[in-house]
Amino acid sequence: MSDDILSAYLREVKRGTRILVVAELHEPGAVYTHAPGIDPVLDGWARSGQVTMPTRRKEPLPDSPVVLPKGLARRLLRADRREARD
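Each position in the sequence shown, counted from 1, maps to that position plus 78 in this note's numbering.
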């Protein structure tokens, strides 16, 4: 997700919009599988059809060909925050 999209979501939340975020965060290269019963809320959502559980293991992503200057994300985020205050 790009910084501008994330910042837009955060501005919406600041305005009072409620956003449901379902995410998985882990260290690069880790492989996890879902074991039924570990998260009863997620299991309930899967049973009701609100989410679909993975049917195969994740494949590693290739390295990104994009190379950005160090600190660019921080500078963009700071600039975006300044604009949101104006």
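Beta carbons are placed, not taken as given, at the ideal position from N, Cα and C, and that holds for glycine.
Just so it is clear, the structure is predicted and the values come from calculations on it, not from any experiment.
For P143, three-class secondary structure by DSSP:
coil
Looking at the secondary structure, which residues open and close the alpha helix (DSSP H) in which V119 lies?
P118 to S126
With R135 and V109 assumed to form a contact (beta carbons below 8 Å), what rounded beta-carbon distance in angstroms separates them?
6 Å
Determine whether the beta carbon atoms of A124 and T133 lie at a separation below 9 Å.
no
So, helix, strand or coil for D105, using DSSP?
For the record, residue 105 in the displayed sequence is Glu; it is not Asp. Of the three classes helix, strand and coil, the one that applies to E105 here is coil, per DSSP.
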